[in-house]
Structure formats: C-alpha cells, structure tokens
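Q: Here it is: the structure, laid out below.
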Amino acid sequence: MTLEQIFNYTKQTGYIYQGSEIYGGLSNTWDYGPLGSLLKQNLKNAFIKRFVTETPYNVLVDTSILLNKSVWEASGHLKGFSDPLTECLNCHTRHRADHLITVKNSDGWDNDKLYNYLVDNNIKCPSCGKSKWHEIRQFNLMFKTNQGVIDDVANTVYLRPETAQGIFINFKNIQRTTRRKIPFGVAQIGKSFRNEITPGNFIFRTREFEQMELEFFCKPGTEIEWFDYWYKEMVTFLLDLGLSKENIGSHEHSKEELSHYSNKTIDILYRYPWGFDELWGIASRTDFDLSAHQELSGENFEYLDPETNERYIPYVVEPSLGVERLLLAILKEGIKTETLEDGSTREVLKIIPALAPYKVAVLPLIKNKHQDKANEVYNKLAKHFSCVYDETQNIGRRYRRQDQIGTPYCVTIDHDTLIDGTVTLRERDSMEQKRLTIDKVIKFVSEKIKF
Numbered sequence: 007m008t009l010e011q012i013f014n015y016t017k018q019t020g021y022i023y024q025g026s027e028i029y030g031g032l033s034n035t036w037d038y039g040p041l042g043s044l045l046k047q048n049l050k051n052a053f054i055k056r057f058v059t060e061t062p063y064n065v066l067v068d069t070s071i072l073l074n075k076s077v078w079e080a081s082g083h084l085k086g087f088s089d090p091l092t093e094c095l096n097c098h099t100r101h102r103a104d105h106l107i108t109v110k111n112s113d114g115w116d117n118d119k120l121y122n123y124l125v126d127n128n129i130k131c132p133s134c135g136k137s138k139w140h141e142i143r144q145f146n147l148m149f150k151t152n153q154g155v156i157d158d159v160a161n162t163v164y165l166r167p168e169t170a171q172g173i174f175i176n177f178k179n180i181q182r183t184t185r186r187k188i189p190f191g192v193a194q195i196g197k198s199f200r201n202e203i204t205p206g207n208f209i210f211r212t213r214e215f216e217q218m219e220l221e222f223f224c225k226p227g228t229e230i231e232w233f234d235y236w237y238k239e240m241v242t243f244l245l246d247l248g249l250s251k252e253n254i255g256s257h258e259h260s261k262e263e264l265s266h267y268s269n270k271t272i273d274i275l276y277r278y279p280w281g282f283d284e285l286w287g288i289a290s291r292t293d294f295d296l297s298a299h300q301e302l303s304g305e306n307f308e309y310l311d312p313e314t315n316e317r318y319i320p321y322v323v324e325p326s327l328g329v330e331r332l333l334l335a336i337l338k339e340g341i342k343t344e345t346l347e348d349g350s351t352r353e354v355l356k357i358i359p360a361l362a363p364y365k366v367a368v369l370p371l372i373k374n375k376h377q378d379k380a381n382e383v384y385n386k387l388a389k390h391f392s393c394v395y396d397e398t399q400n401i402g403r404r405y406r407r408q409d410q411i412g413t414p415y416c417v418t419i420d421h422d423t424l425i426d427g428t429v430t431l432r433e434r435d436s437m438e439q440k441r442l443t444i445d446k447v448i449k450f451v452s453e454k455i456k457f
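Per my numbering, residue 7 is the first one in the sequence shown, and the count goes up by one each step.
Below is the structure:
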C-alpha cells in the first residue's frame, strides 16, 4: 500500500480532504471528513478507555493551547525548541539538515558538524540535485502571535508545541484536588502546533496536529520500572487496535541521542509506506520539567510522601502519541483489495469494529417497499451505536460501499422483515449472512464493538 494509494482512498471516501481546497489549498493542512472525524474520535476514545478509565492510576485534563510565555521559558522551548535549517544555494529550497543525513546517531550533532558532513560527503539537494548548501542556523518551531489589541512584545504568546507543559504547571492543582498519591498519571488529548521546516508524508508530519500524552509521576528511582510497564501497555494497545506485530518495531536512543533531560527514551516504530518511522515515543524525563517550573515560578513542586515522610520532586515517564500518525497506520494496515470467488474484486477497510466510523449500515432491499420499516430499524439501532442509512443503488453495490469505508455490519430490511421482524445481518470481512431479530442484532453488535 503506497502513500499515494492511501491519499487517493481517503479523498475518494471522505476520510480526509485537502485543507482550503476551493482556494487552491494551504500546504500541509488537512480537513477530516465525516468518516475521518469519527475514526479520529474513536481512536481518542480508545486511548482514554485504556489509559484513563481502565487504570486506577490516571486522570484526564484539558489545558489551554495559549499559555503564559514564561511556561516556554522554563521548559526551554524559547531557546532550545529548534531544528537545524539549511538552504540550497542553487534552487533556494529550505531543508532540515538532519533529515538530509542518514548517519546513525547524528541527532546530537551541532550545526558545524552537520554542515561539514553535507559538504564533505557531497550531499545532494532533494529538489534540484545540486550540492551547494548555506551554513546551518537554528529555526525555532513555535508559532508566535499576539494577545490583545496591541502588537507588543509584552503581549506575545505562542501556540503550544506540545500538550505536556499544561500538565506540569497544573501538577499541584491536580494532585491536591484529586487527592492522588504518587505514583499517578495525567493524560491529555489536544492540538499542538509546530512550524516544521519540511512537513510531509501526508498527515504524518504536519504543522497542526493532535497529541495523546500521558505524564506519569513517580518516585525517583522507580522511573525505569514504570517506563517498562507503560512501554508494554503501549505495545499491547497498538496490537489491540489491529496493527500487525511484524509492522511494529522499536528504537532505543543511545546516550548521544538522548535529550538532555532524559535518562531513557524508546521510539515505537511503525512500517509506513516509506519504511519504519516513529509512531509513539516514551521518555523518562526525570524531574526536569517540575524542577524548571519550580525554579522560574517560585512554586514549590515537592511532594511529601505520606508513608515515608520523604520530600522529593517526582520523576516523570511520558508516553506521547500523535493521533494522525496512528490514524495513518490504521489506514495503511486496513485498506485491502480482495479478489472474490467469482473473479470480481472489492476494496475493503479491515479495521476493528470499535474503530469503524459506522458500526452498522441499515439498507432497505427495495426503497419504496421497505423504507418505512428501515427507518424504524435505523432509529432503534442508532440509540445503541453509530449507524448509517443507505437506500441508493442495488444491494450489492451498497454492500461494496460499506466494505470500502470499513462498516463491519450491514442490516438489510426485506419482505420477511415485514412478516416476522427478522433482518439479514451481513459481516464485512467474511461476507457471511444470518437472520436475526432486531433485539438480537443490538446484543450481537454491542458485544462485537467493545474495545
């Protein structure tokens, strides 16, 4: 499955549209259509269920996108949240210098080392093929704007580049109001913004994106134990969502690759159309964030352990997942073209029922004869799960249409329905059919769509 095939599929089915399309589009922006928005929501619901609802450790918050700029000063984003930028002197396209280099463990290289490597190894520009590079400079990735009516430095604010800092600055509020004891975690799902130098690969790297993050606070010295625990939970979650084990890999950062605040980091990789790339990262951030905010704000972030009477600043283990990257992996894994016994083909999206935008399609066999009963059935089913109603074209084409968008079950209303109240339930993957009453359909589907 190529990236172009995935793109064409999403545009054709209404999962994803080009942003601002009627005005020629806006580079690297995407709108999620009726199907894509539901799939995204189902992914987020699955994350909340697994990492908040089903665990005794974690709570959920929703913090502001706009924060006091001192937050970004303390976190190091104002000075250090940047990428190495270079420009081709021939065609004047700009590139991330570290993305032009394929040497392992080059993440920690400074600007001079990156530039010398480009020159010494005659690295060619991906756009024009020439090897003339401008000296490298650091480009800050945060979007800057102004709050209020006066365009003034004092009114400068930034769109958050990550959701984590909103959790850290609320650590005391959350701990006090929930009366949580260490260890506990705080999850958040929300938009983040990064002015990427070279966004690309469809929805994989975009300037506006959604994150699903967990900041897990623990006692210093226990962080690696919790790191291993959450890493296993992350992998299990991906497998339960339907990703194949052979398409999941990992990369543990070497000492040279580690961020200055981390004592352990692993990237969970997925086999995208262009190869393995980062899907989900987990980092042991030590006490860097809370200590930094304590120092600049003057707020005491020490935790008093009620059992040992020790005071310490908690360490943090952070799993951080991009919603769009996960959605892209789900689509790449699920889009199939199958040859049937009669030689015909069908396109089908094989995703687990819990993620499907619509759980059931309600289809009257003959529009003018079965429409009223079909509407009655739809209204009853829709109280229990997401449904779609389709009465256009013959029943075979409607089945194919629902297969294509991933609907796991179709309910067909026919002449027998009017007599005995039973309907035909068709399963997407096997295409098998059976007769059931509406109450049994509700019970059957409700069980199948659980996550």
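Just so it is clear, CB atoms sit at the ideal spot from N, CA and C, and this is done for glycine as well.
1) Which residues in the same chain have their Cβ closer than 7 Å to the Cβ of Phe-145, if we skip the five residues on either side of it in sequence?
2) With distances taken Cα to Cα, identify the nearest neighbour of Glu-262 among Ile-71, Gly-349, Gly-114 and Asp-409.
3) What are the start and end residues of the alpha helix (DSSP H) that includes Pro-226?
4) Please go through the stretch 249 to 308 and give each complete beta strand (DSSP E) segment of 3 or more residues, from N-terminal end onward.
5) Pull up the distance between the alpha-carbon of Arg-317 and that of Gly-25, whole angstroms please.
6) Would you call the stretch 356 to 372 in contact with the stretch 403 to 416, where contact means no fewer than 3 C-beta pairs closer than 8 Å?
7) Evaluate Leu-429 with the Cβ neighbour count: other Cβ atoms within 10 Å of its Cβ, from every protein chain shown; 16 or more gives buried, anything less gives exposed.
8) Rounded to the nearest angstrom, what separates Asp-104 and Cys-393 at their Cα positions?
9) With which residues is Tyr-395 paired in a DSSP beta bridge?
10) I'd like the ranges of any beta strand (DSSP E) spanning at least 3 consecutive residues and lying wholly in the stretch 324 to 356.
11) Taking the CB atoms as reference points, tell me whether Trp-232 and Pro-167 lie closer together than 8 Å.
12) Assign Ala-170 to one of three DSSP states: helix, strand, or coil.
13) Report the three-state DSSP secondary structure of His-101 (helix, strand or coil).
14) In the DSSP assignment, the beta strand (DSSP E) including Gly-191 goes from what residue to what residue?
15) State yes or no: is the beta carbon of Val-394 nearer than 8 Å to at least one beta carbon in chain C?
16) Looking at C-alpha atoms only, which residue of Lys-386, Tyr-395, Ala-362 and Ile-401 is the closest neighbour of Leu-371?
17) Give the range of the alpha helix (DSSP H) segment to which Phe-523 is assigned.
18) So Phe-222 and Val-159 are supposed to be a Cβ contact under 8 Å. How far apart are they, rounded?
19) Nearest to Ile-288 by CA position, among His-299, Leu-275, Leu-334 and Val-109, is which residue?
20) List the DSSP bridge partners of Lys-89.
21) Whose C-alpha, out of Phe-149, Asn-207 and Arg-182, is nearest the C-alpha of Asn-201?
22) Do you know offhand how far Leu-72's Cα is from Glu-79's?
23) Looking only at its chain, what residues have a beta carbon closer than 6 Å to the beta carbon of Asp-396, apart from the 5 residues adjacent to it on each side?
24) So Asn-524 is in the alpha helix (DSSP H); what residue range does that whole segment cover?
25) On a CA-only basis, which of Lys-338, Glu-324 and Asn-34 is nearest Leu-247? Give me that one, please.
26) Given a cut-off of 8 Å, decide if Tyr-123 and Ile-107 are closer than it, judged by their beta-carbon atoms.
27) With the cut-off set at 8 Å, would you say Glu-194 and Ser-81 are in Cβ contact?
28) Leaving out five residues before and five after Arg-461 in sequence, what residues of the same chain have Cβ atoms less than 8 Å from its Cβ?
29) By the 10 Å Cβ neighbour count, where 16 or more other Cβ atoms means buried, how is Leu-244 classified, buried or exposed?
30) With 16 as the cutoff for other CB atoms within 10 Å, does Val-155 come out buried or exposed?
31) Determine the direct distance from the alpha carbon of Leu-84 to that of Phe-282, and round the result to whole angstroms.
32) Assign Leu-244 to one of three DSSP states: helix, strand, or coil.
33) Could you check how far apart the C-beta atoms of Val-192 and Asn-64 are, in whole angstroms? I think they sit under 8 Å.
34) Buried or exposed, going by whether 16 or more other CB atoms sit within 10 Å of the CB of Lys-46?
35) Helix, strand or coil: how does DSSP classify Glu-453 here?
36) If distances are taken between C-alpha atoms only, which option among Asp-435, His-140 and Lys-197 comes closest to Met-218?
A: Let me lay it out:
1) The residues are Ser-88, Asp-89, Leu-91 and Ile-203.
2) Of the residues Ile-71, Gly-349, Gly-114 and Asp-409, the one whose Cα lies closest to the Cα of Glu-262 is Gly-114.
3) That residue, Pro-226, is in no alpha helix (DSSP H); it is neither H nor E in DSSP.
4) Those beta strand (DSSP E) runs which fall completely within the stretch 249 to 308 and span 3+ residues are 254 to 258, 270 to 278 and 281 to 292.
5) Rounded to whole angstroms, Arg-317 and Gly-25 show a C-alpha spacing of 50 Å.
6) The stretch 356 to 372 vs the stretch 403 to 416: in contact.
7) In the sequence on display, residue 429 carries Val and not Leu. Looking at its Cβ environment, which holds 16 or more other Cβ atoms inside 10 Å, Val-429 is buried.
8) Straight-line spacing of the CA atoms in Asp-104 and Cys-393 works out to 47 Å.
9) Val-368, per the DSSP bridge assignment.
10) Those beta strand (DSSP E) runs which fall completely within the stretch 324 to 356 and span 3+ residues are 341 to 345 and 351 to 355.
11) No, these two residues do not count as a Cβ contact at 8 Å.
12) Three-state DSSP puts Ala-170 in a helix.
13) In the structure shown, His-101 sits in a strand (DSSP, three-state: E or B).
14) Counting along the chain, the beta strand (DSSP E) containing Gly-191 begins and ends at 190 to 199.
15) You won't find chain C in this structure, because it holds only one protein chain.
16) Nearest in C-alpha terms to Leu-371, of all of Lys-386, Tyr-395, Ala-362 and Ile-401, is Ile-401.
17) The requested residue 523 does not occur in the structure, where the chain is confined to residues 7 to 457.
18) At roughly 36 Å, the Cβ-Cβ gap does not stay under 8 Å, so Phe-222 and Val-159 are not in contact.
19) Answer by Cα proximity: Leu-275.
20) In the sequence as presented, Lys is not what sits at residue 89; that position holds Asp. Its beta-bridge partners are Phe-145.
21) Relative to Asn-201, the option among Phe-149, Asn-207 and Arg-182 whose CA is nearest is Phe-149.
22) Those two C-alpha atoms are separated by around 14 Å.
23) Excluding residues within five positions, the ones whose Cβ falls inside 6 Å are Ala-367, Leu-369 and Arg-404.
24) This structure cannot settle anything about residue 524, because the visible part of the chain is limited to 7 through 457.
25) Closest option to Leu-247, judged by alpha-carbon separation, among Lys-338, Glu-324 and Asn-34: Lys-338.
26) Contact: yes.
27) For clarity, residue 194 is Gln in the given sequence; the question names Glu instead. No, they are not a contact pair.
28) Given that the chain is displayed from residue 7 to residue 457, the structure contains no residue 461 and the question cannot be resolved.
29) The residue is buried, with at least 16 neighbouring Cβ atoms inside 10 Å.
30) Exposed, because fewer than 16 other Cβ atoms sit within 10 Å of the Cβ of Val-155.
31) Our two residues, Phe-282 and Leu-84, have alpha carbons roughly 31 Å apart in a direct line.
32) Residue state, collapsed to three classes: helix.
33) That belief holds up - the Cβ atoms of Val-192 and Asn-64 are roughly 7 Å apart, short of 8 Å.
34) When all chains shown are included, Lys-46 counts as buried.
35) Here Glu-453 carries a helix assignment [DSSP, helix/strand/coil].
36) Just measuring C-alpha positions, the residue of Asp-435, His-140 and Lys-197 sitting nearest Met-218 is Lys-197.
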